[in-house]
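In the UniProt record's numbering, the protein residues as written are 1 to 204.
Just below is one structure, and these are the notes that go with it.
The following block contains the structure:
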């Protein structure tokens, strides 16, 4: 499991450099329990590494933030330092209670979306240490008219900063912060929606 991040070089005036974040689910700890190694590479050079309990199931990052979810339901966050040799953590592990099914970070930001296996969706701004949203996708998954059960095909942050969830039937929903509800922005009745092209590839 790996992601590619474009981060500003530590030296002023130098261009952005691509960093690769790898999660290797092959380790064992001293008690022979599963452990993962998280490695940040700049080309072939290792910037930093960390060992995590359990196995990594989801990974996301930007030039400011890296987030990792494990099988134990923990969320590890690194903030404003992914290109340093230390790779410092912003917080101790955050207890989600369930593994993340999806993690997403807005490009160049410190805003993180986490959708866990129990259907809870949270959005945090780690620059301000604030929780922007806590809700559930359960209302979106109820099949209408005795249809087939639905599942989440993709979850990310839209360009406006709101959570965007795409279902297995290619319907897409954005969460409206003011109304505190999900709004359907793509379905069969709106083939010319501005979001149709961008979300179609996310559905199977």
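No residue lacks a Cβ here, since even glycine has one placed at the ideal position from N, Cα and C.
Residue burial classification, residue i (beta-carbon count within 10 angstroms, cutoff 16)
i: residue 205; result: Residue 205 lies beyond the range of the chain shown here (1 to 204); nothing can be said about it.
i: residue 44; result: exposed
i: residue 176; result: exposed
i: residue 78; result: buried
i: residue 128; result: exposed
i: residue 143; result: exposed
i: residue 23; result: buried
i: residue 131; result: exposed
Residue span of the beta strand (DSSP E) that contains residue i, given as start and end
i: residue 115; result: 111-116
i: residue 53; result: 45-53
i: residue 40; result: 34-42
i: residue 67; result: 65-70
i: residue 170; result: Neither: residue 170 is in no beta strand (DSSP E) and is coded neither H nor E.
Cβ shell of residue i (< 8 Å), same chain only, five flanking positions each side left out
i: residue 108; result: 62, 63, 64
i: residue 49; result: 37, 38, 39, 40, 87
i: residue 178; result: none
Secondary structure of residue i, DSSP reduced to three states
i: residue 93; result: coil
i: residue 139; result: helix
i: residue 179; result: coil
i: residue 162; result: coil
i: residue 151; result: coil
i: residue 99; result: coil
i: residue 125; result: strand
i: residue 20; result: strand
i: residue 74; result: strand
i: residue 130; result: strand
i: residue 30; result: coil
i: residue 187; result: coil
i: residue 104; result: strand
i: residue 119; result: coil
i: residue 83; result: Reliability fails at residue 83, whose pLDDT of 37 lies under 50, so the model's placement of it is uncertain and no value is given.
Spatial neighbours of residue i in its chain, beta-carbon cut-off 6 Å, leaving aside the 5 residues before and after
i: residue 111; result: 125
i: residue 205; result: Outside the shown range of the chain, which is 1 to 204, sits residue 205, and nothing can be said about it.
i: residue 122; result: 114, 134
i: residue 67; result: 60, 77, 103, 112
i: residue 29; result: 35
i: residue 117; result: 98, 99, 101
Close Cβ partners of residue i (< 7 Å) along its chain, the five nearest in sequence each way excluded
i: residue 73; result: 95, 96, 97, 98, 99
i: residue 169; result: 150
i: residue 148; result: none
i: residue 93; result: 74, 75, 76
i: residue 57; result: 69, 70, 71, 99, 100
i: residue 55; result: 25, 34, 36, 70, 71
i: residue 138; result: 119
Presumed contact (8 Å Cβ cut-off) between residue i and residue j, rounded CB distance
i: residue 140; j: residue 182; result: 6 Å
i: residue 26; j: residue 53; result: That pair is no contact at about 14 Å.
i: residue 162; j: residue 174; result: 5 Å
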